[in-house]
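Down below is the structure, laid out as structure tokens.
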RNA sequence: GGGUAGGUUGAGCAGGUGGUGAGCUCCGCUGACUGUAGAUCAGCCGUCUUUCGACUGUGGGGGUUCGAUUCCCUCCCUGCCCA
């Protein structure tokens, strides 16, 4: 089956980093690229217009959540996920594999698939590799993910290995089950942070006829060093693989650089939008917490270097007020900003990989977002009253 | 003026009928969050102490008592009813 995707990429001269372009039935995506997460057919608090303005090129949706509500058949009857949510750009749907992990106490897993007790009403939901493909075909996403089995950091090797073997078997079954040539399907590498299992898994998935390779089972509690090591293992095995590579569930600004240098093309993460709703903003000077008392008196924009509507029109003090007052507008304004920051960062990375200056950009951003333990200079979040006093 | 119900740590409450009142929810302070069961969650939130712990605190004053939030006297304040 010819791939519905057309992906071209070239080495960028920094580690294994590459610059590419991914063409899908609903439009092209420049890589490296970040995909905002819209689990329930919406990126929380944002309209498709907001997403476009922020620079979004491709979105995520979720098999488990949409099958539960409103139901994939209803979405199919209503014209498919793109029409349903009024987003005409590319969409990638996750398979529900993450819910096998995150809803651990509401499900059981066996070799054939996973059984959930719906988190909404307890209804029993069965997800198999075939069913996950069927749901995603009904949703009509551009890229479907295979159902996989991921386990948390710290799981015993035997458990990691079992989940990996299951993932491989499920991957093969998903490929057998696919019936829509216009929908791409990505396989998912597992294997935890065990170098041997990671390598085995990468080889197994890469040997199958997927349209792209996803790296799963990371950013689930392991250390930064362990994640980097796992990426190195995967990158080594995939050295000559020309398909798009997608690191699932990552990440934070500093994580992007590490992964890109290991050849990752695509990212998704709830972090920018979730942190936004929780009052944590990413800026060109590091983190800004709306909840902190000092922000209440700060007349400055969130980020003077940012082009977004929030930074153009509103002060930190106003956002801090909205946050404390529980006003819903704050969710849109902070989400607009964090997504703009993230997508502009990704654009800046592509630019730097093209024109130079990548290392300087990486070092600056990594320094701003380093863990407190590594950073003796926590970001300052103080009002500039002195400047205003005449 | 008469009657009645009250006054608890920023706010709102719970509790306590002579022997441990620092418990809850807000507010406030500080964190966490990585393929979204998350507009969520955690810690702190009288004073001193890193901790352990110590001390203070039930409207004010006084009394009875070994001991009072509890019993007595008195004053202040608030709600409601009647005049």
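Residue numbers (the numbering used here): 10 to 399. Just so it is clear, CB atoms sit at the ideal spot from N, CA and C, and this is done for glycine as well.
>> Using only CA atoms, which one of 246, 167, 234 lies nearest to residue 213?
In response: Taking the first residue of the first chain as position 1, residue 213 is located at position 204. Looking at the Cα atoms, 246 is the closest of the given residues.
>> For residue 187, tell me which candidate among 63, 242, 141, 278 has the shortest Cα-Cα distance.
In response: Sequence index remark: in the first chain, residue 187 carries index 178 (1-based). Closest option to residue 187, Cα to Cα, is 141.
>> So, at 6 Å on beta carbons, what are the nonlocal neighbours of residue 279 in its own chain, with the 5 sequence-adjacent residues on each side left out?
In response: Position 270 of the first chain holds residue 279. Beyond the five residues adjoining it in sequence on each side, residue 279 comes within less than 6 Å, by CB distance, of 46 in the same chain, given in chain order.
> Taking buried to mean at least 16 other C-beta atoms within 10 Å of its own C-beta, is residue 133 buried or exposed?
Replying inline: On the first chain, position 124 is the one that residue 133 refers to. Burial call: exposed.
> Can you check whether the CB of residue 169 is closer than 8 Å to the CB of residue 4?
Replying inline: The structure shown does not extend to residue 4, since the chain is modelled only from 10 to 399, so the question has no answer here.
> Roughly how many whole angstroms lie between the Cα atoms of residue 3 and residue 63?
Replying inline: Since the first residue shown for the chain is 10 and the last is 399, residue 3 is missing from the structure and cannot be characterised.
>> Based on DSSP bridge pairs, tell me the residues matched to residue 255.
In response: Here residue 255 corresponds to residue number 246 of the first chain, with the count starting at 1. Looking at the DSSP assignment, residue 255 forms a beta bridge with 223, 275.
>> As a quick exercise: from 347, 267, 226, pick the residue whose alpha carbon is nearest that of residue 298.
In response: If you number the first chain from 1, residue 298 lands on position 289. When C-alpha distances from residue 298 are compared across 347, 267, 226, the shortest belongs to 347.
> Are residue 115 and residue 123 closer than 8 Å when you measure CB to CB?
Replying inline: Translated into positions along the first chain, residue 115 becomes position 106. Translated into positions along the first chain, residue 123 becomes position 114. Their beta carbons are not under 8 Å apart, which means residue 115 does not touch residue 123 by this criterion.
>> Using 8 Å as the cut-off, can you tell me whether the stretch 174-184 makes contact with the stretch 140-160, which would need three or more C-beta pairs spanning the two stretches below that distance?
In response: Between the stretch 174-184 and the stretch 140-160 there are three or more C-beta pairs closer than 8 Å, enough to call the two in contact.
>> In whole angstroms, give me the CA-to-CA distance for residue 37 and residue 104.
In response: Here residue 37 refers to the residue found at position 28 of the first chain. Here residue 104 refers to the residue found at position 95 of the first chain. Taking C-alpha positions only, residue 37 is separated from residue 104 by approximately 22 Å.
>> Quick check on residue 151: buried or exposed, where buried means 16 or more other Cβ atoms within 10 Å of its Cβ?
In response: Locating residue 151 in the first chain gives position 142, where the first residue counts as 1. The residue in question, residue 151, is buried, as its Cβ has 16 or more Cβ neighbours within 10 Å.
>> Just verifying my parser: in three-state terms, what is the DSSP assignment at residue 239?
In response: For this step, residue 239 is matched to residue 230 along the first chain. Helix at residue 239.
>> Do residue 344 and residue 286 count as a contact pair if the criterion is CB distance below 8 Å?
In response: Within the first chain, numbered from 1, the residue matching residue 286 stands at position 277. Within the first chain, numbered from 1, the residue matching residue 344 stands at position 335. Yes, these two residues count as a Cβ contact at 8 Å.
> Among residues of its own chain, excluding the 5 on either side of residue 164, which ones have a beta-carbon nearer than 7 Å to its beta-carbon?
Replying inline: Position 155 of the first chain, counted from the start, is the residue given in the question as residue 164. If we look at residue 164 and ignore the five residues flanking it on each side, its Cβ neighbours are 201.
> Excluding sequence positions up to five away, which residues of its chain have a Cβ less than 6 Å from the Cβ of residue 273?
Replying inline: For the purposes of this step, residue 273 is taken as residue 264 along the first chain, with counting starting at 1. Taken in chain order, the residues that qualify are 254, 256.
> Which residues in the same chain as residue 112 place their Cβ atom closer than 7 Å to its Cβ, once the five residues preceding and following it in sequence are excluded?
Replying inline: The count along the first chain starts at 1 and reaches residue 112 at position 103. Sequence-distant partners of residue 112 (beyond 5 residues in either direction) whose C-beta falls short of 7 Å from its own C-beta, in its chain, are 125, 128.
> When the Cα of residue 233 is compared with those of 215, 218, 268, which residue comes out closest?
Replying inline: The count along the first chain starts at 1 and reaches residue 233 at position 224. It is 268.
>> Among the candidates 319, 362, 312, whose CA atom is the shortest distance from the CA of residue 55?
In response: One-based indexing of the first chain puts residue 55 at position 46. Nearest option by C-alpha distance: 319.
> According to DSSP, what are the bridge partners of residue 15?
Replying inline: Here residue 15 is taken as the residue at index 6 of the first chain, counted from 1. As computed with DSSP, residue 15 is found in a beta bridge with 32.
> Expressed to the nearest angstrom, what Euclidean distance is found between the alpha-carbon atoms of residue 97 and residue 57?
Replying inline: The residue you call residue 97 lines up with position 88 of the first chain. The residue you call residue 57 lines up with position 48 of the first chain. Between the alpha carbons of residue 97 and residue 57 lies a gap of roughly 9 Å.
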